[in-house]
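Number of protein chains: 2
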Amino acid sequence: MKKENITIYDIAKEANVSPATVSRVLTGNAKVRPQTMRKIVDVIEKYNFRPNSLARSLLHKQSKTIGFILPDINHPFFSTLVQKSEAYALELGYTTFLCNTMNNSENESKYLQSLVEKQVDGIIYLGGRINDTDTDQEYAEEMKKVMERTPVVFVNGQMSGVDAHIVRTDEESGVEMLVELLINLNHKKIGFLGGLEGISSTDVKKNTFVNVMETKGLGVNKGWVLDAGFSIESGEEVAAQFLSLKERPTAVICANDLVAIGVIKVLTKFGLKVPDDVSVVGFDDIYLAKHFPPGITTISQNYDQLGQTAINVLVDLINEKEAKKETVIPTSLVLRDSCKLFSEK
Amino acid sequence: MKKENITIYDIAKEANVSPATVSRVLTGNAKVRPQTMRKIVDVIEKYNFRPNSLARSLLHKQSKTIGFILPDINHPFFSTLVQKSEAYALELGYTTFLCNTMNNSENESKYLQSLVEKQVDGIIYLGGRINDTDTDQEYAEEMKKVMERTPVVFVNGQMSGVDAHIVRTDEESGVEMLVELLINLNHKKIGFLGGLEGISSTDVKKNTFVNVMETKGLGVNKGWVLDAGFSIESGEEVAAQFLSLKERPTAVICANDLVAIGVIKVLTKFGLKVPDDVSVVGFDDIYLAKHFPPGITTISQNYDQLGQTAINVLVDLINEKEAKKETVIPTSLVLRDSCKLFSEK
DNA sequence: CAATTAAATGAAATCGGTTTCATTGAATAT
DNA sequence: ATATTCAATGAAACCGATTTCATTTAATTG
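Chains as they are written, first to last, in the numbering used here: chain A, 1 to 345; chain Y, 1001 to 1345.
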């Protein structure tokens, strides 16, 4: 048997008052006479009593808890974002449930149910599928049902058919800046590496890439747009494909910095110098981008602003205030040493 | 006003049964006639009803929830460990609260209270101070009181005066392997860089370093043992100190891989080649260690085993089973290219 | 000092489930 | 067909806090 918990009744009894009065001391919602207060506080401290927040939440119908659903906490982008968001949520009095889905729809579904049952006040969803596979559609339906009762904010992603509040990085202008940078550096043959079809942020980036390239009068060679994942390993794989191309681009935009790192690693290994032989740029400005040689030119995500805005929107929704349906967080270009002016050999 | 929740009473009414029967369907704890079952399940699905786990937890006195207290989720060591642990905890039916303290005692205390109030069934504490500052001692006292009612497992750390269950990496033998490796590579002048005095894992490593060096008949130059933090930036700082030494070691052991990366980066920048001029080894085998050039020789932490064991011990404690007081997880040496045979120039 | 007003405290209902115990209904045995 | 047994269901208590409303106590005024 579990050791008996100390409850507000025990405290009340020992202090010769009613539970109501103890509660008033705990919450500060009403005055108690100083001498009564002292008595009660003494007993509370004697037993190191902490009120059971489950009971409180049950009554108040709010748990002061936010759930995070994300693909992989091990990815620097997510860990940084979560860290910032969590710290800010704490300031607002919310603690956070972490749900690592490992990109597994089944896990997502399991976690989503769990968060609902745990009565989280709101959910931050990092990621976003726009696939139309059966499981994904099912999951989208589930999400919609959840959203009828629990506010959800999507960060840097969306889900097809789900009309949610979104806070997102301006990936379009980010990619645009990268393309323009490379064009200004005299590159004409540019590729896009990494990411995964059906993940919304990848799709946004790729579409923007294609659009800008066409606007600038440079076509896009289909063979230069290569899917992969989001990790260093994905970058390594896609770099291998890159190497086997008959005609290669002179510059590549990677779906994120980890992919860029993988690409640089493999290119270097096979004797291609970055940036001398190939220019490589990334996205996210994870903390590694500035440390990994040669220093990766990338687009900086404003983690603080992204996280805080997401939490703010969510908390507004929780409190049934109006909230902007879509907030776009600006980015900035971070110039480092992984790309340079192209010149024919 | 919040939209009214659907409760088991609503379901019961609509299905023309008592709440007790609905509960039996939900939990599976007792039989109900198939036709009754069907009726109830239909109503549950119609309203997409999920039972409020707060109410259940309140009654059962267990929340099926585990709290993680850790310094910084943004550090690959922690994010990897958390990811593994969390996945395993989920298998056992537990969800996890994440608490990022950012090494701030005040935050730790706040989070600790919050976890207790939220009635977590147990706590995994990653980190560990053995300082004797006032706030740290206060915090240790707090921890002890929490441990009277809530099981806590310390992972790779301890707290002075706190007698807790510990699951830890065999940092001693890890450091020993590193020292022996370097000695076998003919290094005699070896330094230890990074970490922070008073953090238990640092202290363990440093003490082992000093002991082994003395056992091997090589003294330790105090000036070659330099404190710093645990990040790449810490490595950069401490590398700057290293560079300003009149006499430098020919090899350094870093408190972890991130520090090693920072060190390598700065040494390289100032014209010292790793491993040609200085051998550098790390600890943890974070995913970056193999990717960061030249590839860091390091000690591999067994993240899966560490995480699973910690969860297992914690769950045993929760269920009031006996559990080993201290479990030591073996390490292994991972040879890469950041160190080599020393030879006089 | 009594009467009135204001402040402090207590009693009881409530949140939404689960579970025990009692009861009803169905199934089996006589 | 009736008595007996067993399965299915319902009523009510419970978990531990908060809050409203009623009541007691203290403070103020005449």
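Note that the Cβ used here is the ideal one computed from N, Cα and C, for glycine as well.
As the structure is a prediction and not an experimental result, all values here were calculated from the model.
Residue-level contact to chain A via CB, residue i, 8 Å cutoff
| i | result |
| --- | --- |
| Y:V1280 | no |
| Y:L1272 | no |
| Y:T1080 | yes |
| Y:N1074 | yes |
| Y:I1066 | no |
| Y:A1089 | no |
| Y:K1321 | no |
| Y:V1116 | yes |
| Y:L1058 | yes |
| Y:S1200 | no |
| Y:S1332 | no |
| Y:S1063 | yes |
| Y:N1131 | no |
| Y:N1005 | yes |
| Y:I1011 | no |
Beta-carbon gap between residue i and residue j smaller than 8 Å
| i | j | result |
| --- | --- | --- |
| Y:P1346 | Y:S1338 | It is not possible to answer for residue 1346 of chain Y, since the shown part of chain Y is limited to 1001 through 1345. |
| A:E108 | A:Y139 | yes |
| Y:V1259 | Y:G1295 | no |
| Y:T1101 | Y:I1124 | no |
| Y:V1266 | Y:A1289 | no |
| A:V152 | A:V167 | no |
| Y:A1255 | Y:K1205 | yes |
| Y:F1097 | Y:K1118 | yes |
| A:L245 | A:G223 | yes |
| Y:Q1113 | A:R50 | yes |
| Y:I1008 | Y:V1022 | yes |
| A:D257 | A:D284 | yes |
| Y:G1212 | Y:V1179 | Checking the sequence, you will find Val at residue 1212 of chain Y rather than Gly. Going by C-beta atoms, Y:V1212 is nearer than 8 Å to Y:V1179. |
| Y:L1333 | Y:M1177 | yes |
| Y:Q1083 | A:I73 | yes |
| Y:N1156 | Y:S1201 | yes |
| A:D10 | A:Q62 | no |
| Y:V1313 | Y:L1092 | no |
C-beta neighbour in chain Y for residue i, strict 8 Å
| i | result |
| --- | --- |
| A:T239 | In the sequence as displayed, the identity of residue 239 of chain A is Ala instead of Thr. So, not an interface residue. |
| A:Q83 | yes |
| A:N16 | no |
| A:T95 | yes |
| A:L98 | yes |
| A:L335 | no |
| A:Q119 | yes |
| A:Q113 | yes |
| A:E86 | yes |
| A:N29 | no |
Integer-rounded CB distance, given that residue j should sit under 8 Å from residue i
| i | j | result |
| --- | --- | --- |
| A:L193 | A:A164 | About 29 Å separates the two Cβ atoms, so there is no contact after all. |
| A:L81 | A:L306 | 6 Å |
| A:V281 | A:I253 | 5 Å |
| Y:G1174 | Y:F1230 | Not really, about 16 Å apart at Cβ, beyond 8 Å. |
| Y:P1019 | Y:A1012 | 4 Å |
TODO: Mind checking the segment 1145-1166 of chain Y against chain A and listing, in chain order, the residues whose C-beta falls within less than 7 Å of any C-beta there?
DONE: K1145, R1149
Task: alpha helix (DSSP H) runs wholly inside the segment 1215-1243 of chain Y, at least 4 long, in chain order - done: Those alpha helix (DSSP H) runs which fall completely within the segment 1215-1243 of chain Y and span 4+ residues are 1232-1243.
Open item on the list: For a minimum of 3 consecutive residues, which ranges assigned as the beta strand (DSSP E) are wholly contained in the segment 1003-1068 of chain Y?
Closed with: Complete beta strand (DSSP E) runs here, min 3: none at all.
Open item on the list: By the 7 Å beta-carbon criterion, what residues does the segment 1043-1056 of chain Y contribute toward chain A?
Closed with: N1048, R1050, P1051, N1052, S1053, L1054, A1055
Task: Residues, ordered as in the chain, of the segment 290-311 of chain A that lie near chain Y by beta-carbon distance below 8 Å - done: H291, F292, P293
TODO: Any chance you could list the alpha helix (DSSP H) runs of at least 4 consecutive residues sitting entirely within the segment 99-148 of chain A, in chain order?
DONE: 105-117, 134-147
- [ ] Using a Cβ-Cβ cut-off of less than 7 Å, give me the residues of the segment 1248-1272 of chain Y that come near chain A, in sequence order.
- [x] I1261, K1265
Open item on the list: Beta carbons nearer than 8 Å to chain A: which residues of the segment 1227-1238 of chain Y have them?
Closed with: I1232
Open item on the list: At a CB distance below 8 Å, what residues from the segment 1204-1222 of chain Y approach chain A? Give them in sequence order.
Closed with: Those residues of the segment 1204-1222 of chain Y that come within reach of chain A (Cβ to Cβ, closer than 8 Å) do not exist; the list is empty.
TODO: May I have a chain-ordered list of the beta strand (DSSP E) segments no shorter than 3 residues that lie completely inside the segment 1242-1286 of chain Y?
DONE: Contiguous beta strand (DSSP E) elements confined to the segment 1242-1286 of chain Y occur at 1251-1254, 1279-1281, taking only those with 3 or more residues.
- [ ] Report the residue ranges of all beta strand (DSSP E) runs contained in full by the segment 1149-1173 of chain Y; include only those spanning at least 3 residues, in chain order.
- [x] 1152-1155, 1165-1169
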